[in-house]
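Working notes for the structure below.
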DNA sequence: TACCTGATGCAACTCAGTCACATCAGATGT
DNA sequence: ACATCTGATGTGACTGAGTTGCATCAGGTA
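Protein chains in written order, with full-length UniProt numbering: chain Z, 1 to 207; chain A, 1 to 207.
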């Protein structure tokens, strides 16, 4: 346990968020972060793979979560229901405190291309995990891809809404609502493409 | 024109691909690349924003392409047709030589997390460009998002197929085929979710 | 008291990326 | 020919991320 000051990771995270908010991400050095946390650069890099990971710590667990959600759906669940369950289990991982963190993080993230790139990568990793889990349950790979895109899109826009408002709502509430919205939108978009009952030939829009 | 040896960018790209293939991306230093190209590190970083961009040079133009494709669709084109046109114009940008480059690049890319992250970022940027263009034409934002995801997914899996086979087919051929496949798959996945014929009033997240 | 263990510090290192300044090859004008 | 202008390249020093081997230190155990 904590022989030295406890919770080195937490202290580093808080120090980093403070400094990022004050001076921006790029203008903050890892030495400064370690310094404010009462540690050294070496320890920082022992606890985090790189500077960006300070901000995204724990996102690795999300991959396991979404997979678990897909796996734990009922045996006769449809592809759609498996996807929904994956995204819902994913959403369940966020406590109310994450809302505050999200509010602090968002502007920092928006101003830093480097952080943005990592964020996109995490999103992609989660999407791939969802897609892979669905495929693992025998779902057609193209359906799995489309479902994963839709589900993760719902998750992220639900997250944005959840962070933006200030009520007692759960992340899962917003995500579920977004799934419904996106399902309707996707259906409408596809309807315009394939009005015939049997999805056959497409007319390309020659340029 | 070339007062010195011409085509510095091309020489650097070739040198980089050689070295990456020989020793891997991470094990190759920028100085080595510049050296083999008969240049210096400084010049390398004058021509490329960073080490990763050597491999992804020119992807920035793709954003403009997909936007142009969406813009140049017929005035009364449906949301779907605008998306298709955007993706097709995007596909038209690749000559046959890109196939060879793709074959060399793919294994390098697969072995390097760093390059992978950049690749994902580029994909995301193209998706956002497509989504934004569609929204700019008055298309509902949720539809735009879903359409962009589907279109770019078709583009990338079409690209994979195009690179994998060795015939006279065009990238656009494969992408178009993938759009059809994905449209069918998405329709099927949604059908299981919403069996009711009228996807009517969708309630947005309470806010 | 002696030992063990895991978390931390220290110092030196490599490499990506930046910058100010010098240089060099060719085009232009006289 | 000669001087000059211009843009592409080289030089060398610098910052900061990330790594590594070794020392140290706090606490638990015998």
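Even for Gly, the Cβ is constructed at its ideal location relative to N, Cα and C.
Item to check | Three-state secondary structure assigned by DSSP to residue 55 of chain Z | outcome: Locating residue 55 of chain Z in the first chain gives position 55, counting from the first residue. Helix.
Item to check | residue 142 of chain A: first and last residue of the uninterrupted alpha helix (DSSP H) it sits in | outcome: Sequence index remark: in the second chain, residue 142 of chain A carries index 142 (1-based). In this chain, the alpha helix (DSSP H) harbouring residue 142 of chain A covers 141-164.
Checklist entry - Is the Cβ of residue 145 of chain A closer than 8 Å to any Cβ of chain Z? => result One-based indexing of the second chain puts residue 145 of chain A at position 145. Output row for residue 145 of chain A: interface = yes.
Next on the checklist: Within a Cβ cutoff of 6 Å, which residues of the same chain sit near residue 31 of chain Z, ignoring the five residues on either side of it in sequence?
Outcome noted: Numbered from its first residue, the first chain carries residue 31 of chain Z at position 31. Only 41 meet the Cβ criterion.
Checklist entry - Expressed to the nearest angstrom, what Euclidean distance is found between the alpha-carbon atoms of residue 56 of chain Z and residue 22 of chain A? => result Locating residue 56 of chain Z in the first chain gives position 56, where the first residue counts as 1. Locating residue 22 of chain A in the second chain gives position 22, where the first residue counts as 1. Cα to Cα, the separation comes out at about 33 Å.
Item to check | residue 12 of chain A versus residue 96 of chain A - alpha carbon distance | outcome: By one-based count along the second chain, residue 12 of chain A stands at place 12. By one-based count along the second chain, residue 96 of chain A stands at place 96. Looking at the two C-alpha atoms, the distance is approximately 21 Å.
Checklist entry - Below 8 Å between beta carbons: does that hold for residue 142 of chain A and residue 175 of chain Z? => result The sequence position of residue 142 of chain A within the second chain is 142, counting from 1. The sequence position of residue 175 of chain Z within the first chain is 175, counting from 1. The criterion of a C-beta distance shorter than 8 Å is not satisfied by residue 142 of chain A and residue 175 of chain Z.
Checklist entry - Any idea if residue 112 of chain Z is buried or exposed, counting beta-carbon neighbours within 10 angstroms, 16 or more meaning buried? => result Position 112 of the first chain, counting from 1, holds the residue named residue 112 of chain Z. Of the residues assessed, residue 112 of chain Z falls on the buried side of the cut-off, its CB having 16 or more other CB atoms within 10 angstroms.
Checklist entry - Shortest alpha-carbon distance to residue 178 of chain A belongs to which of A/166, A/65, A/20, A/150? => result For this step, residue 178 of chain A is matched to residue 178 along the second chain. Of the candidates A/166, A/65, A/20, A/150, A/150 places its Cα closest to the Cα of residue 178 of chain A.
Next on the checklist: If we require 4 or more residues per run, which alpha helix (DSSP H) segments fall completely within the segment 55-100 of chain A?
Outcome noted: You should have 59-71, 79-92.
Item to check | Cβ-based contacts, 9 Å cut-off: residues of the segment 44-63 of chain A near chain Z | outcome: So the list is empty, because no residue satisfies the distance condition.
Checklist entry - Taking residue 114 of chain Z as the reference, which of Z/54, Z/152, Z/173 has the closest Cα? => result Position 114 of the first chain, counted from the start, is the residue given in the question as residue 114 of chain Z. Nearest C-alpha to residue 114 of chain Z: Z/54.
Next on the checklist: Distance cutoff 8 Å, beta carbons only. Does residue 188 of chain Z sit that close to anything in chain A?
Outcome noted: For the purposes of this step, residue 188 of chain Z is taken as residue 188 along the first chain, with counting starting at 1. Chain A contact via Cβ: present.
Checklist entry - Going by Cα to Cα distance, which pick from Z/118, Z/102, Z/60 is closest to residue 51 of chain Z? => result On the first chain, residue 51 of chain Z is found 51 positions in, with the first residue counted as 1. For residue 51 of chain Z, the closest alpha carbon among the candidates Z/118, Z/102, Z/60 is that of Z/118.
Checklist entry - What's the call for residue 104 of chain A, buried or exposed, on a 16-neighbour Cβ count within 10 Å? => result The residue you call residue 104 of chain A lines up with position 104 of the second chain. The C-beta of residue 104 of chain A has fewer than 16 other C-beta atoms within 10 Å across all chains shown, which makes the residue exposed.
Next on the checklist: Please list, in chain order, the chain A residues whose beta carbon lies closer than 9 Å to that of residue 112 of chain Z.
Outcome noted: In the first chain, counting from the first residue as 1, residue 112 of chain Z sits at position 112. None at all; the shortest Cβ gap to chain A is about 13 Å.
Next on the checklist: Assuming the contact rule is C-beta atoms closer than 8 Å, residue 63 of chain A and residue 129 of chain A should be a hit. Round their C-beta distance to whole Å, please.
Outcome noted: As a working mapping, residue 63 of chain A is identified with position 63 in the second chain. As a working mapping, residue 129 of chain A is identified with position 129 in the second chain. The pair is a contact, with the Cβ atoms about 4 Å apart (cut-off 8 Å).
Checklist entry - What is the C-beta distance between residue 66 of chain A and residue 86 of chain A, in whole angstroms, given that I count them as a contact (C-beta under 8 Å)? => result Mapped onto the second chain, residue 66 of chain A falls at position 66. Mapped onto the second chain, residue 86 of chain A falls at position 86. The C-beta separation of residue 66 of chain A from residue 86 of chain A comes to about 5 Å, placing the pair in contact by the 8 Å criterion.
Checklist entry - If you compare alpha carbons, which of Z/109, Z/183, Z/165, Z/10 is closest to residue 144 of chain A? => result In the second chain, residue 144 of chain A corresponds to position 144, counting from 1. The shortest C-alpha separation from residue 144 of chain A is found at Z/183.
Next on the checklist: Tell me the DSSP secondary structure of residue 48 of chain Z in three-state form.
Outcome noted: Position 48 of the first chain, counted from the start, is the residue given in the question as residue 48 of chain Z. It is coil, neither helix nor strand.
Checklist entry - What is the DSSP secondary structure of residue 127 of chain Z, counted as helix, strand or coil? => result Here the question's residue 127 of chain Z lines up with position 127 in the first chain. Residue 127 of chain Z: helix per DSSP, three-state reduction.
Checklist entry - For residue 58 of chain A, which of A/135, A/148, A/90 has the nearest alpha-carbon? => result Counting from one through the second chain, the residue named residue 58 of chain A turns up at place 58. Nearest option by C-alpha distance: A/90.
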